[in-house]
Amino acid sequence: MKKKFSIFEYVLLFIVLFFAIGYILFPLIELAKESFRFNLDSYKALGSPTVLGSALNSVLLSVVTVFGCAAIGILLAYYFHFYKIPFKKYLSVIFLIPLATPPIVGVVSFLYLLSDNGILSRILFAIFSKNILTGFEGWTAIIIIHLFSFYPLFFLFASASFEKLDYNVIDASNSLGASKWTTFRKIILPFLLPSVASAGIITFMASMASFSAPFVFGGSLRFLTTEIYNSKINGDTSLTAVLSVFLTLISVVFLFLLRKFRTANEYSLRMKGSVKKIDASKLYNLNLAGKVLFPLTGFLILLPVLTLLYLSLIPEGSLIRNYFGEGLTLINYQNIFTTDAVALPYYNSLMMSLIAVAGTIIIGLPASYFTAKKKIKGGNILESIITLPYGIPGTVIAICLIFSFNSGNVFSFGEILVGTFAIMPLAYTIRNIPAITQSLNSGFNNIDPSLEEASYSLGAGRFKTFRTIILPLIIPAIISGALIVFINSFGEFVSSILLYTFSTKTISIDIYSQLRLYNTGGSAASGFIMFLIVLIALIFSRRKIS
Amino acid sequence: MFLEIKNIQKKFSEQTVLENINLEIKKGEFFSLLGPSGCGKTTLLRIISGLESSDSGKIILEGKDVTSLTPQQRKVGIVFQNYALFPNMNVSKNIAYGLEINKVSKDEINIKVTDVLKKVNLSHKVNASVSELSGGEQQRASLARVIVNEPNLILFDEPLSNLDYALRLEARGELKRLQREAGITSVYVTHDQGEALALSDRIAVMNKGVIQQVGSPEELYNNPVNSFVAEFVGHYNIFSGSEAEEILGITDVGNDEALIILPENLKINKSETQTALKIKEILYNGSYTEFIIEHKNKEIKSISFSNEKISHFNIDDYVNFEFNTTKIKLIKR
Chain H
1 MKKKFSIFEY VLLFIVLFFA IGYILFPLIE LAKESFRFNL DSYKALGSPT VLGSALNSVL
61 LSVVTVFGCA AIGILLAYYF HFYKIPFKKY LSVIFLIPLA TPPIVGVVSF LYLLSDNGIL
121 SRILFAIFSK NILTGFEGWT AIIIIHLFSF YPLFFLFASA SFEKLDYNVI DASNSLGASK
181 WTTFRKIILP FLLPSVASAG IITFMASMAS FSAPFVFGGS LRFLTTEIYN SKINGDTSLT
241 AVLSVFLTLI SVVFLFLLRK FRTANEYSLR MKGSVKKIDA SKLYNLNLAG KVLFPLTGFL
301 ILLPVLTLLY LSLIPEGSLI RNYFGEGLTL INYQNIFTTD AVALPYYNSL MMSLIAVAGT
361 IIIGLPASYF TAKKKIKGGN ILESIITLPY GIPGTVIAIC LIFSFNSGNV FSFGEILVGT
421 FAIMPLAYTI RNIPAITQSL NSGFNNIDPS LEEASYSLGA GRFKTFRTII LPLIIPAIIS
481 GALIVFINSF GEFVSSILLY TFSTKTISID IYSQLRLYNT GGSAASGFIM FLIVLIALIF
541 SRRKIS
Chain E
1001 MFLEIKNIQK KFSEQTVLEN INLEIKKGEF FSLLGPSGCG KTTLLRIISG LESSDSGKII
1061 LEGKDVTSLT PQQRKVGIVF QNYALFPNMN VSKNIAYGLE INKVSKDEIN IKVTDVLKKV
1121 NLSHKVNASV SELSGGEQQR ASLARVIVNE PNLILFDEPL SNLDYALRLE ARGELKRLQR
1181 EAGITSVYVT HDQGEALALS DRIAVMNKGV IQQVGSPEEL YNNPVNSFVA EFVGHYNIFS
1241 GSEAEEILGI TDVGNDEALI ILPENLKINK SETQTALKIK EILYNGSYTE FIIEHKNKEI
1301 KSISFSNEKI SHFNIDDYVN FEFNTTKIKL IKR
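Heads up: the sequence lines are chains H and E, in that order.
Each residue of the first sequence is one higher than the last, beginning at 1 in the numbering used here.
Each residue of the second sequence is one higher than the last, beginning at 1001 in the numbering used here.
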């Protein structure tokens, strides 16, 4: 059949191209231009000890994060799949709680839990009358928060692989005389490798781009993301640009690695014939230590959130005197919705996230339609551009937007966008376009082409076929993609902190500024509400997907 | 002529998939395209349906040139290999889909859907979702979705290949009955020669984009024109001139000829002395037994339908062939 475009399709294609060029390529070009503004001398800064040191720190942090998270995530997934775990149903939800914890909320809750002045320190002080838990800052704090935040990715990826593992293979290995450990090492681990390696690359990129934990706990430690932020705040435009280019290049290299890796492993992951699932009666029994350890780990993962909940129920100001013994109150929650200055960030976050959801659907649906469904010529180039922001740290995206839209141009329709409300949802849209297109692409790829052909052969036209067959089948992918975009945007901190003004403050920014003002109760309450909203969205999205 | 396929050519990036295809199909005929995978049979079917365009040539349906028409304009029914039932609709909605597009009234749709569901024995599944259907039921539902529109032509793209063996045999009979009752002209693509022989009025055997032979099942089975058809349709034993002389003692096979004989026409007798023919494998099949006889590196098949005579044969036994010379045919190589 001839693949001719209708006028409507040309309009959609134009919108997608306008976005790809205007809000992804153009900002990157502006960034590159800015970095060369003072000729190549700007790049000499890359050789300075501070920059080299921060690059080294970022890489070191990422390597530790990847291996730590891999060990935790894979082990948990392994035990979850092969062992009888007490409270398995609840634990499997609890273990994913870090996914529902926006970066700044995680950071704040750890601060309130483990810092010198935190709840746990105080409890221990009350019991032992001396300071046992000290020094939760710098590397220790950042690594612990990273492990908490990023291990669920390995857990999910490894679990998904286990689901596809043919249990006959395990039986075969056991029947050939292999021990449990040999089977794990020789059979299970190699089987997991493709998905674990993907998780590793993604975690490495996320860790390189991580901002909140280094920002709050870094102290004098320098990391690339915080250096970019500091140079921007100090007005050193040239250094900001050069560092941003540097960080982007590192991340994009890893993004390409990830893509190469995924295409290379696409076929090996496909299984032929019927796969035998693990039989419930064949699950191994945990020993006593394991039976205690698993619920305990679950409790530890819950602790930061429980801390938030507890602190949110203590009246403002009482913390300096005492954490305990005060009556619990809902006053902090009341304040949020009665004080205009506090309610504004809620309005902003909600509006901006919804705009981002709408924006990503408007751009992502046609983009995915052209690349994954229509497979237009040059579609892979378009897809590469559209998914490029996945490899660009939020800090850099914000810097790019600042450089691009501090004066009016075609893409901002002549307006200056810096300092406006619009630039925030724009940043969220750019950051989340890859997420929604990934969801939509797999949605489109799952639609059997013969369904469309069947519809044509039964006399339906293109529009009728799209409306009655394709759209209903793609809606679950749209919803799950939209929920992911909402979750990411609602808790966004990294770009927001570079782009916000007083009137465009979001909840994340508000939590951070309350933290700086020692308004523990207020920030804890906001953090807990944000956690709940994201948790609900997350549960809903996982329901939808399954 | 009901359907004429004239000089159809098709290339996929320099590779010729269909080479000058010419076929004529009569009204009401059940016509099969038979060949191994990659022979171009499905591409030809898609060109007939309009889902694929040909590089050159014409498709003429009921005297009208439909080459440039879209699938929705041609209105030929297609039954897909994977059935392609719309997962977002239940069984009756799937079947009503084409009728709704043709603006048939609600009442009439109801009558027709009920009627066709009865025909394909799916009345109890009217409101079932597609995922609740078994493989055989899905196959019948997809057939119902097509015949309810009363098309002049139905194209079948290996519709039974996803069913297991026993079900496939049952569905085969069912399909033949429905086609005969409805009297709809059918073009049926398959790689299963047994299926083609059982169902078809006529068959076109294809290989590498070229039609090898067109004929009735009996013609193809008894009088294949070349070694490809002989082997693919009848599983004939094929001997070159020198092999025929050495193994069967038959001379005068030309250089461009081959000698063929059906396995069931080649009998074996046990030999007390060493011969050049040795039993390599014995495959018992219930109603018949297949012997694989080895001659140097060549394998020759022999089939025996009698149950008593086989018991005294053993692997590695030496044998002699016995055959009636009238059963031997010469074909082009």
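Quick reminder that beta carbons are idealized off the backbone N, C-alpha and C, glycines included.
Secondary structure note for E1019 (chain E): it is in no alpha helix (DSSP H), and the uninterrupted beta strand (DSSP E) holding it is 1015 to 1025.
For a cut-off of 8 Å, the C-beta gap from S251 (chain H) to A209 (chain H) is around 7 Å, short enough to register as a contact.
Fewer than three pairs of CB atoms, one per stretch, sit closer than 8 Å, so the segment 487 to 497 of chain H makes no contact with the segment 1100 to 1110 of chain E. DSSP places G200 (chain H) in the helix class (H, G or I) of the three-state scheme.
In the DSSP secondary-structure assignment, Q1009 (chain E) is bridged to E:S1056. Here P1087 (chain E) is actually not in contact with V1146 (chain E); their C-beta atoms are around 18 Å apart, not less than 8 Å. Of all residues in the segment 1227 to 1244 of chain E, none has a C-beta nearer than 7 Å to a C-beta of chain H. In this structure, DSSP gives L1259 (chain E) an extended state, which the three-state scheme calls strand. Between L247 (chain H) and I228 (chain H), the C-beta gap is smaller than 8 Å, which places the two residues in contact.
Contact annotation: L1143 (chain E) and L1178 (chain E) have beta-carbon atoms nearer than 8 Å. Its chain contains G522, S523 as the residues whose beta carbon lies nearer than 6 Å to that of Q514 (chain H), once the 5 sequence neighbours on both sides are disregarded; these appear in chain order.
Assignment of H1295 (chain E) by DSSP, reduced to helix, strand and coil, places it in the strand class. If the five residues before and after T387 (chain H) are omitted, its C-beta is found closer than 7 Å to the C-beta atoms of P434, T437, all from its own chain and listed in chain order. With respect to V1205 (chain E), P1151 (chain E) sits apart: the two C-beta atoms are not nearer than 8 Å. Under the 8 Å criterion on CB atoms, Y456 (chain H) is classed as interfacial with respect to chain E. Judged by their CB atoms, K1327 (chain E) and L1262 (chain E) are nearer to each other than the 8 Å cut-off. Take the alpha-carbon of L538 (chain H) and the one of K1011 (chain E): they are about 49 Å apart.
Not a single C-beta of chain H is nearer than 8 Å to the C-beta of V1130 (chain E). One finds F1086, N1088 in chain E with Cβ atoms closer than 8 Å to the Cβ of I469 (chain H), taken in chain order.
Of the residues assessed, S179 (chain H) falls on the exposed side of the cut-off, its CB having fewer than 16 other CB atoms within 10 angstroms. Membership of S159 (chain H) in the alpha helix (DSSP H) is indicated by the continuous run 138 to 164. Note that the C-beta distance between K1064 (chain E) and T1185 (chain E) is not below 8 Å.
In the structure shown, E1004 (chain E) adopts extended strand secondary structure according to DSSP, grouped into three states. L1033 (chain E) is bridged by DSSP to E:V1189, E:A1204.
Taking the CA atoms as reference points, I511 (chain H) sits about 19 Å from A141 (chain H). According to DSSP, S1304 (chain E) shares a beta bridge with E:T1289.
Spanning the alpha carbons of F36 (chain H) and E30 (chain H) requires a straight line of approximately 10 Å. Inclusion of H146 (chain H) and A71 (chain H) in the CB contact set at 8 Å is not warranted, their separation being larger than that value.
Comparing C-alpha distances from I1282 (chain E) to each of E:N1269, E:N1237, E:Y1097, E:D1316 shows the shortest one belongs to E:D1316.
Only residues of its own chain outside the window of five on either side were considered, and among them G1135, G1136, Q1139, A1171 have a CB closer than 8 Å to the CB of L1163 (chain E), listed in chain order.
Boundaries of the beta strand (DSSP E) around K1280 (chain E): 1278 to 1284. By the rule that beta-carbons nearer than 8 Å mark a contact, G459 (chain H) touches chain E. Between F1002 (chain E) and the set E:T1016, E:L1023, E:L1018, the nearest pair of CA atoms involves E:L1023.
Residue pairing by DSSP places D1317 (chain E) in no beta bridge whatsoever.
For a Cβ distance threshold of 7 Å, residue set L458, G459 of chain H lies close to G1098 (chain E), ordered along the chain. Against Q1072 (chain E), the close residues of chain H are Y456, G459, A460, G461, in the order they occur along the chain (beta-carbon pairs closer than 7 Å).
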